[in-house]
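Residues 1 to 446 (UniProt numbering) are what the sequence shown spells out, left to right. Note that beta-carbon positions come from the ideal geometry of N, C-alpha and C, so glycine has one too. Everything numeric in this text was worked out from a predicted model, so none of it was measured. The next block holds one structure in the form of C-alpha cells; read it before the comments.
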Amino acid sequence: MQPEAHASLQSIHLPKWVDWLWLALCAVYVLAGVAMAPYHGDEASLIFMGRDFYYHVQGQLDKIYVQEFEKLEPDAALEQQLRLINGTLPKYMYGAIAYAMGADPDTLSESWAWGAGWDWNIENGAIEPGDDVLLAGRYASAILLALSIVIMFQIGQKVGGRGVAYLTTAYLVLNPAVLLNGRRAMMEGVLLFFSLLIVLVGLHLLVNRRWYMFLLLGVISGLTVAAKHPGILPVALVFISLAYVSLWRAYQEHNWLFAVRQIAKLFGAGVLSLILFFALNPSWWQNPQLAAELVIQERSTTLSAQVTSAGGPADMSERVGQFYRQALIAQPMYSEVDYFKPYIVDEVAAYEASPWRGIAIGGSDIGAIILIILMLIGLGKLLFPLTDISRMMIVWTSGTLAFTIAATPLEWQRYYLAAFPVIGLLSALGLITLYNLVTRQRRTAT
C-alpha cells in the first residue's frame, strides 16, 4: 500500500525540509489564534484544579487524598469531585504554569458553576477572559495541539505516504472544532497529543518489537489515560490491534510461541501503564479502592446530570445524526450551554472574522457526504491489500468511529474530538486512492 502512494507522488520531488516547513507553518497557524479563541467556563475550572499542583509541591497531600464525601466541607468536596472525574496531567500542567508565574493559589480561579450565570461566576472569582495565567495555559495546550499535528503527519506517512500525511494534517490544522478546543486551556489539547502518540508508538512496534518499545508503550498508555479518562479508548484499541497482528502472524507462520511472547509483553506494558496512572494520581495513593469506586460513581452522576439537562439520552439513530452534524459537517460549537452564548457573542464574531478560525472541510451536507465517500474508499484501501499497518489502522479507525458514535449521549462537539484524526486519515487515503486510480486510467488510455 505505502509504496504505491509514494510512487504516485514521485514527480513532486519535495525535499525533506519542506515537510518540516509545512509543520512549522501549521504550528504558527495553531498558535496565532490562541488569544482570540472564545472563552469557555471549563477553562476556569481547569485553572482552579491547578491548585492540586500547589498542594503537591507544598507537601499538603492530605488535601489531595480521597475521602468519603460525607467527611468533607463543601469546598473540599467540590475540589475532590473535580479531581476524581478529570485527568491529572492538564490540571497539573496549568498549576505548574501558574506556580512558575508566581500566581497566588487562593486567587487563581474559582470553578465555573454552570448552574449560575456569567456575572455571578466572574464576581465570585472565576478567572476572566484575557487573564495572563489563562493565556499561558492556552498556549501550553495549543503547543501540544501543534505537536499533535506533527505526530499525525508521521502516522499519515507510515500509512499512506507523504500525500496522505499532507492531506491529513491539512484537514486537522484547518478543522475549526480541533482548533477551538485545542487552543482553550482545557483537556483536549493534552488528550489529543497522547492519543495520537500512542498510535504512533503502536505503528513503530509493528516493525521494532524490542523490549524498550513495549516499555515506551506502557509509559505513553499511562500518560494518555492520565490526560483524560476517555484516553483509555485509543490505548485499548492499540493494545487490541497489536495482539491481533501478533495472533495473525503466529497463525500464518505456525509459530504460536511468538504470539505468546508478544502478548506477554503487551500484558507487561499494560501493567506498567496502570502503575504509571496510579503514580500520576496522588488522590488514589492512600485508598485506591475508594478512589476507583468514587470515580465511577461521580463520572456516572455527572454524565447523568448533563444528559438530563440536555433533555435525556439520545437513541442510536439520534447519535448517528449527532455524529454527522458535529464530526462531519463540524461547524464549531462555541458553547454547549445556551445562557453562556450571549456573553461571548463579541468574541465569537471577532474569531469568526479572523483568518485563524479554520475551515470546516465538511461544512455542509454535500461536504459531509463527500467526506463519507472518501472515508469508505480509504477504508477499502486499508482492506486491500491487508498488511500489519492496515490491520492496526482498521482496528483503530473503525473502533474509534464506532465507539464515538455509540458511547456519546450528548451533542457536545468536543466529545467527538477523537474522531477527527480518523476522519482526516481515511478521507486523505481515499482521495489519494482516487488520484492514483484516475492517473492510472489516463496512462492506460494514452
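What do you reckon, are the CB atoms on residue 272 and residue 215 nearer than 9 Å?
yes
Buried/exposed call for residue 442, threshold 16 Cβ in 10 Å:
exposed
By Cβ distance, which residues of its chain are closer than 6 Å to residue 8, with the 5 residues on each side in sequence left out?
Residue placement at residue 8 cannot be trusted, given a pLDDT of 49 that sits under 50; what the coordinates show is reported in the next sentence. The residues are 436.
On the three-state DSSP scale, how would you describe residue 308?
In this structure, residue 308 counts as helix in the three-state DSSP scheme.
Compute the beta-carbon to beta-carbon distance between residue 29 and residue 356, rounded to the nearest angstrom, for a pair I have assumed lies under 8 Å.
7 Å
Buried or exposed for residue 191, going by 16 or more other Cβ atoms inside 10 Å?
buried
Going by C-alpha to C-alpha distance, which of 334, 124, 97, 416 sits closest to residue 322?
416
In chain order, what residues of the same chain have a beta carbon less than 8 Å from the beta carbon of residue 350, not counting five sequence neighbours either side?
36
Find the nearest neighbour of residue 400 within the set 383, 421, 413, 134, judged by alpha-carbon distance.
Measuring from the Cα of residue 400, the nearest candidate turns out to be 421.
Close-in-space but distant-in-sequence residues of the same chain around residue 449 (CB under 6 Å, 5 per side omitted):
One cannot answer for residue 449 here, as it falls past the ends of the chain, which runs 1 to 446.
For the putative contact between residue 189 and residue 144, defined by C-beta atoms under 8 Å, what is the C-beta separation to the nearest angstrom?
4 Å
Can the beta-carbon of residue 50 be found less than 9 Å from the beta-carbon of residue 96?
Taking 9 Å as the Cβ cut-off, residue 50 and residue 96 qualify as a contacting pair.
Skipping 5 residues on each side, what residues in its chain have a beta carbon closer than 7 Å to that of residue 493?
No information on residue 493 is available, as it lies outside the stretch 1 to 446 that the chain covers here.
Please report how far the alpha carbon of residue 327 lies from the alpha carbon of residue 103, in whole angstroms.
38 Å
Straight-line gap, residue 58 to residue 221 (C-alpha atoms, nearest Å):
One C-alpha to the other measures close to 28 Å.
Given 8 Å as the limit, is there contact between the region 296-315 and the region 236-254, that is, 3 or more CB pairs closer than that?
no
According to the neighbour-count rule (16 or more other Cβ atoms, all chains shown, within 10 Å of its Cβ), is residue 385 buried or exposed?
exposed
Measuring CA to CA, which of 15, 359, 371 is closest to residue 180?
359
Apply the 10 Å Cβ neighbour rule to residue 380 and answer buried if 16 or more other Cβ atoms are within range, or exposed otherwise.
exposed
Relative to the C-alpha of residue 99, which candidate in 282, 32, 78, 53 has its C-alpha closest?
53
Assuming residue 169 and residue 156 are in contact, meaning their beta carbons sit under 8 Å apart, how far apart are those beta carbons, in whole angstroms?
7 Å
Identify whether residue 321 lies in helix, strand or coil by the three-state DSSP scheme.
helix
Helix, strand or coil: how does DSSP classify residue 171 here?
Assignment of residue 171 by DSSP, reduced to helix, strand and coil, places it in the helix class.
Tell me which same chain residues have a C-beta within less than 6 Å of the C-beta of residue 6, skipping the five on either side of it?
With a pLDDT of only 40 at residue 6, under the threshold of 50, the placement of this residue in the model should not be trusted, and no figure is reported.
Check whether residue 407 and residue 195 have beta carbons under 9 Å apart:
no
Please state if the CB of residue 262 and the CB of residue 210 are separated by a distance shorter than 9 Å.
no
Does DSSP put residue 83 in a helix, in a strand, or in coil?
helix
Buried versus exposed call for residue 43 [16 or more other C-beta atoms within 10 Å across all chains shown]
buried
Tell me which same chain residues have a C-beta within less than 6 Å of the C-beta of residue 433, skipping the five on either side of it?
Non-local beta-carbon contacts of residue 433 in its own chain, meaning distances under 6 Å to residues more than five positions away in sequence, involve 377, 381 in chain order.
Own chain residues within Cβ distance below 7 Å of residue 109, not counting five before or after:
Cβ neighbours of residue 109 beyond the five flanking positions: 44, 47, 48, 125, 126, 127.
If you compare alpha carbons, which of 152, 439, 410 is closest to residue 307?
410
Compare the beta carbon distance of residue 141 and residue 186 with 9 Å and say whether it is the shorter of the two.
Yes, these two residues count as a Cβ contact at 9 Å.
Anticipated Cβ contact below 8 Å, residue 33 with residue 335, distance rounded
Wrong, their Cβ atoms sit about 17 Å apart, outside the cutoff.
Assuming residue 239 is part of the alpha helix (DSSP H), what are its boundary residues?
Unbroken alpha helix (DSSP H) run through residue 239: 232-253.
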